[in-house]
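For what it's worth, numbering that gives the first Met the number 0 labels the leading residue of the sequence shown as 0, then goes sequentially.
Here a beta-carbon is modelled for each residue, glycine too, at the ideal position from N, C-alpha and C.
These notes are about the structure you will find just below.
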Amino acid sequence: MKESTIIQLGINQFTIWGIIPHEKLLPYYKAVWPEYKSNPNFREKYIGCLRELHLPDDYFDKDES
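Here you go:
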């Protein structure tokens, strides 16, 4: 399965299951972060996930310079 397909499947799962705070899922969340960060509801959930994992709120934005 191609990575883009996996990410698309992941996006569908995010809308159904929500954000699950787990270290192994962070690369998938980071991949779709640019699409979701302008949505206040998802932004809040992503940041809540980061906080549960004791990561900084700007974790997904670090490499976007």
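Original post:
Around the C-beta of LYS1, are 16 or more other C-beta atoms found within 10 angstroms, so that it is buried, or is it exposed?
Top reply: Residue confidence is low: LYS1 scores 44 on pLDDT, short of 50, so the model does not pin down where it sits. No coordinate-derived value is stated.
Original post:
ILE44 by DSSP, collapsed to three states: which one?
Top reply: Ile is not the amino acid found at residue 44; the sequence shown has Lys there. Three-state DSSP puts LYS44 in a helix.
**OP:** Tell me whether LYS61 sits in a helix, a strand or coil according to DSSP, three-state version.
**Re:** Of the three classes helix, strand and coil, the one that applies to LYS61 here is coil, per DSSP.
Original post:
In angstroms, rounded to a whole number, what distance separates the CA positions of LEU8 and TYR27?
Top reply: Because LEU8 carries a pLDDT of 48, less than 50, the predicted location of this residue cannot be relied on, and the following value inherits that uncertainty. One C-alpha to the other measures close to 10 angstroms.
Subject >> Range of the contiguous alpha helix (DSSP H) that encloses PRO33 >> reply: From DSSP, the alpha helix (DSSP H) with PRO33 extends over 25-35.
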